[in-house]
Each structure stands twice: as C-alpha cells, then as structure tokens.
Amino acid sequence: MAPLYTLRPAARLRATLLQQCALARRARHLSTNPSIPTASNSSGEKTRDLEVGELQGAKFKIEPLRRVGETPSTMRARLLYQSRKRGTLESDLLLSTFASQNLAAMTPAQLVQYDLFLDENDWDIYYWATQEPPPTDTPAGAHTEVQVQDMPTAPSPRTGEWAQTVGTFKPAYRPVPARWADSEVLRLLREHVEAKRGQGKGGMAFMPSLDAEGR
Numbered sequence: 001m002a003p004l005y006t007l008r009p010a011a012r013l014r015a016t017l018l019q020q021c022a023l024a025r026r027a028r029h030l031s032t033n034p035s036i037p038t039a040s041n042s043s044g045e046k047t048r049d050l051e052v053g054e055l056q057g058a059k060f061k062i063e064p065l066r067r068v069g070e071t072p073s074t075m076r077a078r079l080l081y082q083s084r085k086r087g088t089l090e091s092d093l094l095l096s097t098f099a100s101q102n103l104a105a106m107t108p109a110q111l112v113q114y115d116l117f118l119d120e121n122d123w124d125i126y127y128w129a130t131q132e133p134p135p136t137d138t139p140a141g142a143h144t145e146v147q148v149q150d151m152p153t154a155p156s157p158r159t160g161e162w163a164q165t166v167g168t169f170k171p172a173y174r175p176v177p178a179r180w181a182d183s184e185v186l187r188l189l190r191e192h193v194e195a196k197r198g199q200g201k202g203g204m205a206f207m208p209s210l211d212a213e214g215r
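In UniProt numbering, the protein residues as written are 1 to 215.
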C-alpha cells in the first residue's frame, strides 16, 4: 500500500479506516482467547501470573475502567448488567444465574471484590469456577488396584461431519492466580456451580429473567 500522505483525501480516509478495522479485529480476537499462563518456561522456572487486562502473547494491556462514587443500588444494577452481558454463552449463563441468587445479599466489600473479579478474562472466570483440579501424581512405589468393571469401554465409531471432534476436546487446566486464590467471591461462585450440577439436567440452561433477579 502506498504511504498515506501520497493518497488523495478520500483514498487516505479509506486506508485509515481499513487499518483501524484490522486493529479492531485483532483486538477482538485476542480478547476472546483465554489468557493461559504457562506453569513453567523452558528452564523450568515458574512464570508470573498475568495481570488484569493482560493477554497471553499480546503487546498491549487493556486497563479496566474504575468507577467511583456509586451508590450500592447503582453498583448492583451495573454488576447485574455486566453479569448478563459477558460476550460468551457459557459466561452469560454462569454469571447471570450467580448474580440472580447472590447479588442482592452481597455486602459492600463483596460487591467491590465481585466488581474487580468481573474485569478478568471471561474464559478464565469460567474455567476457574468449573474446572476440577488436576489429579495429584501417584507416589513412587504406591500400589494401585485396577477395577476391571470400572474400566471404560471403547466407544463405538462416531458418524457425521464432526465425528472426530465432538466430545473429545478437553481444555487445559487454568491455575487460579494468587490474587484470587483465597477469594470469597470465587468460593461462592464455585458453590453456585456445584449446586447447579446437583439439580439434574436443568443446570444453567437459561438466563434468569430480569423480573426474577434479586436487586
């Protein structure tokens, strides 16, 4: 592409808009990919946790918007909206049902913590709340009995266009960063997930209506 200063005004404007659209598309792509910090680097040293607004492999950082002077009712209304409009179906269902059942009873300190928690990457929030911790390694020399009746049988071959991928994807475990390791909000969110798991097939199939939301 020719330098912008050599183009006519209309062509210069069009080229500028194309560049801005390309940057916006890249930013959206990075923001929808989980920020997965690696547990260690090639030398075996533990890497640091990604900060809020920092994305794996990105050269920029998205600073969260901090609000001051909000009343508790205004803050609850905003957090309710932010819990329902996350941008992914999984996060929408998880956080909207959580907000419906917990937001009205949260203390001011919990509201502040939940506000900061919502600044995290959507996929990180989802997996922190739903993933089981990885199994611990079996100690050397320990005897493990194999129950034949519990051994899974080989599934029958799948058919269809996505036969090789449906039900076979297992996401990598996302460790919780130190800033949320002892978080009361994350504990409540995990309890919410466990309670929903125990309700049969209903789970979090639908987002609660606004009439049912606690305020």
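For every residue, glycine included, the Cβ atom is placed at its ideal position computed from N, Cα and C.
The structure presented is a predicted model; accordingly, all values stated were derived computationally and were not measured.
Exposure label - residue i; buried when at least 16 CB within 10 Å
i, result
"R197", "exposed"
"R66", "exposed"
"Y114", "buried"
"S43", "With a pLDDT of 49 at S43, under the threshold of 50, the modelled position of this residue cannot be trusted; read the value that follows with caution. So S43 ends up on the exposed side."
"R28", "Reliability fails at R28, whose pLDDT of 47 lies under 50, so the model's placement of it is uncertain and no value is given."
Within 8 angstroms, strictly: CB atoms of residue i and residue j
i, j, result
"L118", "L79", "yes"
"F98", "L189", "yes"
"W128", "R187", "no"
"M207", "R86", "no"
"T88", "D124", "no"
"V176", "E120", "no"
"E54", "K61", "yes"
Rounded distance between the beta-carbons of residue j and residue i, thought under 8 angstroms
i, j, result
"P72", "L111", "7 angstroms"
"Y126", "E90", "5 angstroms"
"A205", "D49", "Wrong, their Cβ atoms sit about 33 angstroms apart, outside the cutoff."
"H192", "Q101", "7 angstroms"
Span of the alpha helix (DSSP H), counted from its first residue to its last, around residue i
i, result
"A205", "Taken as a continuous stretch (DSSP letters only), A205 belongs to no alpha helix (DSSP H), as it is neither H nor E."
"Q82", "72-84"
"Q110", "108-117"
"Y127", "122-130"
"A195", "184-197"
"Q101", "89-102"
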